[in-house]
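J.: With my numbering, the residue at position 97 of the sequence shown is 97, and numbering never jumps.
Glycine included, every Cβ here is placed at the ideal spot set by N, Cα and C.
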Amino acid sequence: MVLDPETGAVRVSSNNSALTTQYEPGSVMKIVTLAGAMDAGQISPTSQFNLPPTLRIYDAEFGEAEGRGTVTWDTTQILTHSSNVGTIKIGQGLGKDALYSAQKAFGFGSKTSLNFPNEASGSVLAPSKYSGTSLPSIAIGQSISVTPMQMLFAYNTIANQGIYVGPKLVDSTVDADGVEHPTAAGDSHRAVSAGTADSLNVMMRSVVEEGTGRLAAINGYSVAGKTGTSRKPQPGGGYIDKMGVVRYQSTFVGFVPAQQPALSVYVMIDEPSGAYTGGATAAPV
Numbered sequence: 001m002v003l004d005p006e007t008g009a010v011r012v013s014s015n016n017s018a019l020t021t022q023y024e025p026g027s028v029m030k031i032v033t034l035a036g037a038m039d040a041g042q043i044s045p046t047s048q049f050n051l052p053p054t055l056r057i058y059d060a061e062f063g064e065a066e067g068r069g070t071v072t073w074d075t076t077q078i079l080t081h082s083s084n085v086g087t088i089k090i091g092q093g094l095g096k097d098a099l100y101s102a103q104k105a106f107g108f109g110s111k112t113s114l115n116f117p118n119e120a121s122g123s124v125l126a127p128s129k130y131s132g133t134s135l136p137s138i139a140i141g142q143s144i145s146v147t148p149m150q151m152l153f154a155y156n157t158i159a160n161q162g163i164y165v166g167p168k169l170v171d172s173t174v175d176a177d178g179v180e181h182p183t184a185a186g187d188s189h190r191a192v193s194a195g196t197a198d199s200l201n202v203m204m205r206s207v208v209e210e211g212t213g214r215l216a217a218i219n220g221y222s223v224a225g226k227t228g229t230s231r232k233p234q235p236g237g238g239y240i241d242k243m244g245v246v247r248y249q250s251t252f253v254g255f256v257p258a259q260q261p262a263l264s265v266y267v268m269i270d271e272p273s274g275a276y277t278g279g280a281t282a283a284p285v
């Protein structure tokens, strides 16, 4: 899916699943957690965190996609290397109410203004319904469902210096008399401050330049984006299917040129074979 981030105009979409399908986004959701904490003044791109290899929270252990020892990383490095532990720590500092507010501000949990047939709204858990592991899970893009369209518009919000601009499918219509009528712009509102959005823009460039999104780099252009790798929930609960297999959805979301975004792009590979991470499969597309 390819959009014009400034106007919300949909330039290319492979099919209507961008609006009708919902899924657990995984690490591409981390920008929302970081945006909420940055907007609240709790962290900056250079805030330092001591990160153990894993975190034990109630009955669950959260670790990284690739094992490591204890490290001290700043917020930018946490995003660059897609650290689950670091993002969870930031989410814990933010708290469930503020995390929920940030998700809603970015448009999650609600249908877009398109009124598209069979459009899904996604599912954002209300803070009153959190369990002990809800906050860490949701902070890293688990236990929440979104549509691809919602996710790309969250990234558009960063490209637009913190302003959410709703989608637009049709530029104009022509009546029986041949008169052209431009369609109204999509709904818009400020989701985060311009300063927070600009900081995240720079941080997402680091993801592509030296982090998990290196294969999304384009010669001659500065690209900002984020990778995501999520397990597919199964109908009976959990992530292991009847064959004993964990199935994945791999994504890359970003925009280019980073300094003055003209295009934003969402790529999802559903159940990739072989390499399954977003950085290996979706980013090169």
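Here's the rule I'm using: 16 or more other beta-carbon atoms within 10 Å means buried, otherwise exposed. How should Met268 be labelled?
T.: Met268 should be labelled buried.
J.: Distance, Cα to Cα, Gly122 vs Pro53?
T.: Spanning the two alpha carbons is a distance of roughly 31 Å.
J.: Answer with buried or exposed for Val256, where buried requires no fewer than 16 other C-beta atoms within 10 angstroms of its C-beta.
T.: Per the 10 Å Cβ criterion, buried.
J.: In angstroms with no decimal places, state the Cα-to-Cα distance between Gly228 and Ala65.
T.: Each residue's Cα considered, the two are about 11 Å apart.
J.: Consult DSSP for Ile218 and reduce its assignment to one of helix, strand or coil.
T.: Note: Ile218 maps to coil in three-state DSSP.
J.: Starting from Asn115, trace the beta strand (DSSP E) both ways and give me its first and last residue.
T.: Here Asn115 belongs to no beta strand (DSSP E), and DSSP marks it neither H nor E.
J.: Using 8 Å as the Cβ pair cut-off and three pairs as the minimum, do the stretch 75 to 85 and the stretch 107 to 124 touch?
T.: Cβ pair count under 8 Å is below three, so no.
J.: Count the other CB atoms, across all protein chains shown, that sit within 10 Å of the CB of Ile240; report buried if there are 16 or more and exposed otherwise.
T.: Exposed: under 16 other Cβ atoms inside 10 Å.
J.: For Ala304 and Thr133, what's the separation of their Cα atoms in angstroms?
T.: There is no way to answer for residue 304, as the model of the chain reaches only from 1 to 285.
J.: Counting along the chain, where does the alpha helix (DSSP H) carrying Ser101 start and finish?
T.: Run containing Ser101: 96 to 105, per the alpha helix (DSSP H) assignment.
J.: State buried or exposed for Arg56, treating a residue as buried only when at least 16 other CB atoms are found within 10 Å of its CB.
T.: The residue in question, Arg56, is exposed, as its Cβ has fewer than 16 Cβ neighbours within 10 Å.
J.: Hey, is the stretch 167 to 176 in contact with the stretch 38 to 49, meaning 3+ C-beta pairs nearer than 8 Å?
T.: Taking 8 Å as the limit for Cβ pairs, the verdict is that the stretch 38 to 49 does not touch the stretch 167 to 176.
J.: Determine the DSSP secondary structure at Met268, reduced to helix, strand or coil.
T.: The answer is strand: DSSP assigns Met268 an E or B state.
J.: Quick check on the burial criterion: 16 or more other C-beta atoms within 10 angstroms. Buried or exposed for Gln259?
T.: Per the 10 Å Cβ criterion, exposed.
J.: Am I right that Tyr164 and Ala191 are in contact with their C-beta atoms under 8 Å? What's the rounded C-beta distance?
T.: The Cβ separation is near 5 Å, so the contact holds.
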